[in-house]
Structure formats: C-alpha cells, structure tokens
Amino acid sequence: MSNQPGGESAAQLDLVENHQAATAPHGAESAADEAARKAAASKEAADTILQAFGGVRGMIDMTLPGLVFIVTYNITHQVSASAWAALGLCAVFVVARLARRETVQHAFSGVFGVVLGAWISMKSGRAEDFYLPGLLWNVGYSVALAISALVRWPMIGVMLGPVTGEMFTWRKENPGRFAAYTKATWAWVVIMGLKPVILFPLYFTHNVNLLGWLKVALGIPPMLLAMYVTWQILLKAPPPIKAQLDEEEPTR
C-alpha cells in the first residue's frame, strides 16, 4: 500500500496551518497598529488644548497684573498708583513677546481687561472696580459657552477645530468627537461659572483685599482644571478627521 496520498494530505494540512499561523499574528498586529495610531492621533489633538488657550505663559500674562494691583494697593492705598503698576506690567509682557517674536494675542487680551479695569477704578476711586471687567467677562464667557453647547456649536470645538486641522468636520462627519466637544464645553461652563459665583458677592461687600487675593487664586487653577478635564475627554474621543481644503482651480 502506498503512503503517497496520506503524505500529500499531511503536507497540505501542514501548509494550511503554517499559513494560518503566519497570517493571524499579522492581522492582530495590524489591528493593534491601527488602535495605536488612533490613540496617538487622539492624544495629539487633545494636547492642542493648552496651545489654544495660550499655554501657561498666556495664563500668567492674564493673572499677574491683578496680583500686582492688589500688592501695590496694600502698599500705597492709592487706586491710581496700583492701576498704573498693573498697566506697566502688561506693557512689559507685550514688549517681551514682541522682542521674542511671539504672538501677542493673549497678552493683548489681558491688556484690554487691565486697561478697562484701571480706567473704571481711577474714575470711580474704588479699588474693587479694577476687578469688575474681569468678573463681567467671566459671566459673559460662561453664558456664551452654555449657549454654544445648546445651539450645537460647542465653543471648545470651534476653538480647537482650526488648531487640529479638522475645522468643523466634527459636526457632521465625526459624531463621537462632536459629543466630546459638547461635553467639554459643559465642563467649562461649570468650572468657569464658579468664579463669578464666588467673587461677585465679595465685590458688593467692598472687601478689596479678599476680592483681589481670591481673584488671583482663582485665576490659573480653574483654567488648568478645565483644560485637564477637556484633555481627558478628548483622549477618549475619536481622532479628528482632517478637513479637505478645496483645490484651486487650474489656471487657464
């Protein structure tokens, strides 16, 4: 009796098993690579949150003038001297950014609030009025965030879309990311909305020292907390879908 048929069958079986053994890990590896790529893309997009808000430097530029104001006021007890000290620090920030050829967008945002607060406080003669524009800005910002989420244009997505290169593809092409931006925007509403709730009652008590120190203390930490929460939300969101820019029409 010949062993040929059995040998051929065994050889074919070995061939199939070897093929499956070779291809199965490859498929698993491809799935793992794809998951890793998406995770990396999500992390890269989440990391843009700090960049969009000017980074730690931008937060410092917006917080230190208020600290200088309250310190100077405690030393001099003069509203005008305190206001000019805060304005002088803002000017130093702007000049330093220009010298380093950095963007002055966030520095000017702080300058505008300080200039307005300084003008109001010098006009009224009340030191607490220096912080009034910032308090009103916090209220308006929180309301704008809430409205943007309600009308399905969450502000966090509007701000980060151009930075990540996705523009507004998240609204119709990426529902998971749209949900993440909405959730992050509501997180900002809650966190940033706590500031005026705490500070406005102090403004009406005319307790300048407590108002000033708390305003400084509630400057950077809530921003960092809101950014961290947003970062965590976006880490779990689908990666952004890059916007396809319209190609220019060929010249005739």
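In case it helps, my numbering puts the sequence shown at residues -14 to 237.
Cβ coordinates follow ideal geometry from the N, Cα and C atoms, glycine included.
Report buried or exposed for P147, applying the criterion of at least 16 other Cβ atoms within 10 angstroms of its Cβ. Locating residue 147 in the sequence shown gives position 162, where the first residue counts as 1. Flag for P147 reads exposed.
Measuring straight from C-alpha to C-alpha, what distance separates W198 and I55? Residue mapping note: residue 198 aligns to position 213 of the sequence shown, counting from 1. Residue mapping note: residue 55 aligns to position 70 of the sequence shown, counting from 1. Distance between the alpha carbons of W198 and I55 is about 7 Å.
Sequence ranges, alpha helix (DSSP H) only - wholly within the segment 46 to 93, length at least 4: 64 to 84
When DSSP labels each residue in this structure, what does A228 get in the three-state scheme? Taking the first residue of the sequence shown as 1, we reach residue 228 at position 243. Looking at A228 - three-state DSSP - the assignment turns out to be coil, as it is neither helix nor strand.
From which residue to which residue does the alpha helix (DSSP H) around T170 run? Along the sequence shown, read from residue 1 onward, the residue named residue 170 stands at position 185. It spans P160 to T190 - the alpha helix (DSSP H) in which T170 sits, taken as one unbroken run.
Measure the beta-carbon distance from M44 to M208 and round it to whole angstroms, keeping in mind my assumption that it falls under 8 Å. Here residue 44 is taken as the residue at index 59 of the sequence shown, counted from 1. Here residue 208 is taken as the residue at index 223 of the sequence shown, counted from 1. Indeed, because the Cβ distance is near 5 Å, the residues count as touching under 8 Å.
Span separating the alpha-carbon of W104 from that of V124: Within the sequence shown, the letter at position 119 stands for residue 104. Within the sequence shown, the letter at position 139 stands for residue 124. About 20 Å.
Does DSSP put A6 in a helix, in a strand, or in coil? Locating residue 6 in the sequence shown gives position 21, counting from the first residue. Here the model assigns A6 a pLDDT of 46, short of 50, so the residue's position is not dependable, and the following value carries that caveat. Three-state DSSP puts A6 in a helix.
Beta-carbon proximity check, I218 vs A165, cutoff 8 Å: On the sequence shown, residue 218 is found 233 positions in, with the first residue counted as 1. On the sequence shown, residue 165 is found 180 positions in, with the first residue counted as 1. Yes; because the gap between Cβ atoms is below 8 Å, this pair is in contact.
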